[in-house]
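Remarks on the structure that follows.
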Ligand code: 9D3
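In the numbering used here, the protein residues as written are 2 to 252.
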């Protein structure tokens, strides 16, 4: 997959692109990230790409023209089909795992990182196909959100992760929070590894992990349970803990 990133801060991406899974995916040819400095398409000699808002008001607005020129330079005439042009924006649809899966099927993406107080509306009207937010909090710009999207999409590209992880996500465990994990030593500062994990009884271990994942999800993220397929055994277990909780509440 190729991802073009339009930004006025390309240097923000250096550490991200040269570390861990993203670095490996690039080295192995699964991912190509092309950083485009929007200022290279500024008309004025100071390379400004923002201006005052028509109608007045605080702050500066990112101009339309440099973004149009930058995108047009990426799309040589005659190339069949046009990649999705995505604006990272607090007003966008909230990015999630399903959207990551959709984007991972594309051969080419263009991500635009906004800055300043806003972007000239004609970028939305005449250039952008969709807008993505990464959640309801205010950041200083679209660069970190673009890295979030690239990270989540890259690990879904064929060949990027080893088979075990891919298989794990297809499994019934998908959609629940993770069960507690332990490694050596068996005893650490008075905290013991649960005996079931040392028992060697794989059916018991599987059941314990499933129940821990169910209970954790029920307590912390009950909204996720709606999207999970529950076995009759799962339902019995969840009923048991809701009953216990009710008794505790009354007692
Ligand atoms: C202070 C200006 N804000 C008015 C209430 C609007 C605003 C403009 C630009 C707020 C944040 C930003 C910069 N953020 C992004 O470009 C951004 C973002 C985010 O802030 N949160 C979650 N997802 C995203 S995607 C892009």
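The beta carbon of each residue, even a glycine, is placed where N, CA and C say it ideally should be. All of these numbers come straight from a predicted model, not from anything done at the bench.
Judged by their CB atoms, residue 91 and residue 134 are nearer to each other than the 7 angstroms cut-off. For the ligand 9D3, no non-hydrogen atom lies closer than 6 angstroms to the CB of residue 148.
Proximity of the beta carbon of residue 140 to the ligand 9D3 is indicated: a heavy atom of the ligand is located closer than 6 angstroms. Remark: the shortest separation between the CB of residue 127 and any heavy atom of the ligand 9D3 does not fall under 6 angstroms. Here the alpha carbon of residue 124 sits roughly 37 angstroms from the alpha carbon of residue 227. In terms of side-chain proximity, the C-beta atom of residue 135 is found nearer than 6 angstroms to a non-hydrogen atom of the ligand 9D3.
Rounded to the nearest whole angstrom, the CA to CA distance from residue 34 to residue 4 is 5 angstroms.
Taking a 10 Å sphere around the C-beta of residue 102, we find fewer than 16 other C-beta atoms and assign the residue as exposed. By the neighbour-count definition (other C-beta atoms within 10 Å, threshold 16), residue 192 is an exposed residue. As computed with DSSP, residue 119 is found in a beta bridge with 62. Contiguous beta strand (DSSP E) elements confined to the segment 25-84 occur at 33-38, taking only those with 3 or more residues.
Listed in chain order, the non-local C-beta contacts of residue 239 below 7 angstroms within the same chain comprise 215, 219, local neighbours out to five positions each way being set aside. Scanning 209, 150, 221 for the CA closest to the CA of residue 114 turns up 150. Using a Cβ distance threshold of 7 angstroms, residue 109 and residue 77 do not count as a contacting pair.
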